[in-house]
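> Protein chains in written order, with our numbering: chain A, 83 to 774; chain B, 313 to 559.
Input: one structure, supplied below.
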């Protein structure tokens, strides 16, 4: 039987807002302070975060009311924390996929506020949630992204925690060399900053890796190092964990007496600090080692203790393990032991059968196929001893089929692991390639400089002078990678925003078509449909792109307007004018940036007017700004607002997009809404981005 | 009178073309329609059409399958497709006209004008055979470029440089030949960017395989293996260097 509980320590990372405040005083504060402002939001957030580890249901209530409050008072900073608090609570509730969504929201808000270290924390926590869901590839990705950010903002705690978590994932993927690398880097950091907690943690994890690769003496050595630190720091829980880890190594070395000795030490501490899970684990581990020493009745005693305690704390899987262990023990025990356990010889099989079936039912409930397969084999054997061939065969068959599916599962996991490992290696190779390329380019540069004194010197990749040192190049490379990473993130967000916009736009247009068909003019209806199809094709194509040319955007607008003009005929006419000095094929703009404003003008300006109206689109450039003006002579924003209070989804999304666009280009794009005597003018200002 | 046949597995698509053909009653006579590849082949053999409207996806087969069965097609083909990116790419590489469904009246008129104006089917035969050869391959090796003397197929790997000249594009080949095409550089950019081609400048699309060296400068310029200088726009420099480093 395998030992339970080879612990891996997760370093926790709290957001900077989570001050350790007394829960009670927070409740009092929350009750007393009722103003709807950021102070109350802070209190609610702190409360929700504090509750995450104690009462997630209540925590969710508080975080939700904080989210609502933050929306009302328009505080993005507090809202970011509120989502973080909600995510923490969701995660404790076991709703990791929902937690990830909340973390993501918080991440975006923090990004908007340029609070990068909080962004790192969110990515890190997403990593934990993905890990909890056994989605290792996503977990790796998030941890790496977090590591990147933490390195950028020079957060040592963050870097350490990310490295540690990356190590844990790598270990789960059986990629021990990678895991070792991460842990050692972690250790190095800990030593540099003299952080003993981190050091002990790294030692312990390195020990676990050594155990997994069967280098048991090394494993022992590192666990002892961790133990020494924790002894000095007088951390009872960590000391108990170290004892337990050391015991596991001894057990692997077949030194069962020594193992039991260390389990007892752990047990003593766990009892002192009332760590029930620790106690129960110690029980079952001691029982296992006693079993190895053929000390059956003592083993049985410890297994019983473990079973009771696991039952008490509701750990079904471990409880079932203890029951199974007892069933097997009785099955294999010599008569003398049975006697000491007060089990008549004739009842041996019956008792064992009863225990194993109970365990099997529990394993079935939690979907543990591997253990069920084992038990079926035991049961088949028992029936065979009892001369019940029919049942024996039935259980044997079940054992085989379960075993096969276990093997299939293992195989799948193995394949996934190999694939991931391959990707890992590929990434590494790419990195090495780039580095060696830089090195060889530099070498080339040196040579060329020697031979060609003046004139044109060609060196690929070197854009600056030839004096750039290797190290500087590498740093620059890293910087560029960081920037690219951030860009990739923003692009993903832009894409998702656009995807939200498309259905909205599509249904509006379909509605236009239905509306049009009602008018019963087949020739124009078909013309309309064909145009609509063209527009859809454009939108589909442009949605895939990060930027399109101004020419393409204008073509899309023209098509859109011609459709709407057909529909609202004869009440809509339009003019699109472009300053002659602008080369529209050489200016880039995020796709569908202008369309929502035009749509707004039609819906809220022209249509309520109920008589012919004009939309003018004017495109010009002033210095380095592209100015797009959408002007209508409709009813104007004030009167249309009275009649229509709904916020336009497209407008909201477009505003978000502009904010992201500013982030991405460090730009100051803006939208201004101006009330005219008759109608509304929208001024959209974007930086001029040339394609060539 | 031009004899036309429509092969399409969806009746409403046949109806649409039929309706649009009504404007051409004096020039075109629709003689038959078919909804499967097999039926289409029979009809084509029987009526020997001059013009075929051919759908790309016909049940579980394709229009390409149909053409493969015909030894040397002696008719014009106008392809129709709803949303098949690969087929559209293939058409573009062979400079073959196609109509997207639902078919636009004015697009239809342009395609018909070409058919009615041309009296030479030589090109079409060549284009179709290139199309069939290329269909199913990931990347065509040749590209068809319409010139004054008809469609010329050139090996993509033979193209050194494409240079914009207003609405025309000059194509420089590695045998020192130059072809002038009445297509914009953008159209070639769209087709060739999946190959080793890179738009280094508003008016230059370069096959990076022919780049000998790069000279620094604001944007700098590339020197090709035949010592041609190609200007690089400063905004394209970074991306160019990235691309070059990958080769």
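Glycine is no exception: its CB is placed at the ideal position from the N, C-alpha and C atoms.
Given this structure, state the Cα-to-Cα distance separating residue 410 (chain A) from residue 460 (chain A), to the nearest angstrom.
8 angstroms
> Under 7 angstroms Cβ-Cβ, which residues of chain B neighbour residue 747 (chain A)?
Near residue 747 (chain A) there are no residues of chain B at all, since even the closest Cβ is about 13 angstroms away, more than 7 angstroms.
> Mind listing, in chain order, the continuous alpha helix (DSSP H) runs of no fewer than 4 residues lying wholly within the segment 350-418 of chain A?
358-374, 378-395 and 398-414
> Output, in chain order, the set of chain B residues within a Cβ distance shorter than 8 angstroms of residue 668 (chain A).
514
> Taking contact to mean at least 3 C-beta pairs separated by less than 8 angstroms, is the segment 298-314 of chain A in contact with the segment 282-290 of chain A?
yes
> Given 8 angstroms as the limit, is there contact between the segment 218-235 of chain A and the segment 244-256 of chain A, that is, 3 or more CB pairs closer than that?
yes
> I'd like to know if residue 417 (chain B) contacts chain A, where contact means its C-beta is closer than 8 angstroms to some C-beta of that chain.
Interface flag for residue 417 (chain B) against chain A is set, since a Cβ pair is found closer than 8 angstroms.
> Counting only beta-carbon atoms, is residue 648 (chain B) nearer than 8 angstroms to chain A?
Absent from the structure is residue 648 (chain B), since the part of chain B shown begins at 313 and ends at 559.
> Rounded to whole angstroms, what's the CA-CA distance from residue 471 (chain A) to residue 458 (chain A)? Just pull it up for me.
Roughly 14 angstroms separates the two Cα atoms.
> Would you be able to state if there are at least three C-beta pairs under 8 angstroms between the segment 171-183 of chain A and the segment 195-205 of chain A?
Inter-segment contact for the segment 195-205 of chain A and the segment 171-183 of chain A is absent: fewer than three beta-carbon pairs are separated by less than 8 angstroms.
> Please report the Cβ distance between residue 363 (chain B) and residue 417 (chain B), rounded to the nearest whole angstrom; I am assuming they are in contact, meaning their Cβ atoms lie under 8 angstroms.
No, residue 363 (chain B) and residue 417 (chain B) are not in contact; Cβ-Cβ is about 18 angstroms, not under 8 angstroms.
> Since residue 342 (chain A) and residue 387 (chain A) are thought to touch, with beta carbons under 8 angstroms apart, how far apart are those beta carbons, to the nearest angstrom?
Between residue 387 (chain A) and residue 342 (chain A) the Cβ distance is about 14 angstroms, and since that is not below 8 angstroms, they are no contact.
> Identify whether residue 738 (chain A) lies in helix, strand or coil by the three-state DSSP scheme.
helix
> Alpha carbon to alpha carbon, what distance is there between residue 498 (chain B) and residue 556 (chain B)?
If you take the alpha carbons of residue 556 (chain B) and residue 498 (chain B), they lie about 21 angstroms apart.
> Give the range of the beta strand (DSSP E) segment to which residue 387 (chain B) is assigned.
No beta strand (DSSP E) contains residue 387 (chain B), which DSSP labels as neither H nor E.
> Please name the residue in A:712, A:417 and A:394 whose C-alpha comes closest to that of residue 379 (chain A).
Of A:712, A:417 and A:394, the residue nearest in Cα terms is A:417.
> Quick one: which residues of the segment 598-612 of chain A get their C-beta closer than 9 angstroms to a C-beta of chain B? List them in chain order.
608, 609, 611 and 612
> Residue 554 (chain B): which of B:508, B:516 and B:543 sits nearest, CA to CA?
B:508
> Does chain A have any CB closer than 8 angstroms to the CB of residue 545 (chain B)?
yes
> Can you tell me the Cβ-Cβ gap for residue 436 (chain B) and residue 377 (chain B), rounded? I've got them flagged as a contact below 8 angstroms.
Contact flag wrong, Cβ pair sits at about 18 angstroms.
> Along the segment 453-486 of chain B, where does the CB come closer than 9 angstroms to a CB of chain C? Name the residues.
The structure shown contains no chain C; its protein chains are A and B.
> Counting only the same chain and skipping the five closest in sequence on each side, list residues whose C-beta sits under 7 angstroms from that of residue 337 (chain B).
none
> Output the boundary residues of the beta strand (DSSP E) element that contains residue 481 (chain B).
Run containing residue 481 (chain B): 480-485, per the beta strand (DSSP E) assignment.
> Taking one C-beta from the segment 757-765 of chain A and one from the segment 389-401 of chain B each time, how about it: are there three or more such pairs within less than 8 angstroms?
no
> Since residue 414 (chain B) meets chain A, which of its residues come closer than 7 angstroms, beta carbon to beta carbon?
611, 612 and 615
> Could you check whether the Cβ of residue 338 (chain A) sits closer than 8 angstroms to any Cβ belonging to chain B?
no
> Taking residue 68 (chain A) as the reference, which of B:518, B:473, B:511 and B:385 has the closest Cα?
Chain A is shown only over 83 to 774; residue 68 (chain A) falls outside these bounds and no answer can be derived.
> From the DSSP output, read off the bridge partner residues of residue 752 (chain A).
A:767
> Tell me whether residue 439 (chain B) is buried or exposed, calling it buried when 16 or more other Cβ atoms sit within 10 Å of its Cβ.
buried
> For residue 736 (chain A), which residues in the same chain have their Cβ closer than 6 angstroms to its Cβ, ignoring the five residues on either side in sequence?
678
> DSSP has residue 366 (chain B) in a bridge; who is on the other side?
B:319 and B:391
> Using the Cβ count rule (16 or more neighbours within 10 Å means buried), how would you classify residue 290 (chain A)?
buried
> In chain B, what lies closer than 7 angstroms to residue 772 (chain A) by C-beta?
547
> Given this structure, state the Cα-to-Cα distance separating residue 394 (chain B) from residue 234 (chain A), to the nearest angstrom.
Roughly 48 angstroms separates the two Cα atoms.
> Report, in whole angstroms, the separation of the C-beta atoms of residue 591 (chain A) and residue 641 (chain A), which I expect to be a contact under 8 angstroms.
The Cβ separation is near 11 angstroms, so there is no contact.
> Assign residue 396 (chain A) to buried or exposed, taking buried as 16 or more other Cβ atoms, counted over all protein chains shown, within 10 Å of its Cβ.
exposed
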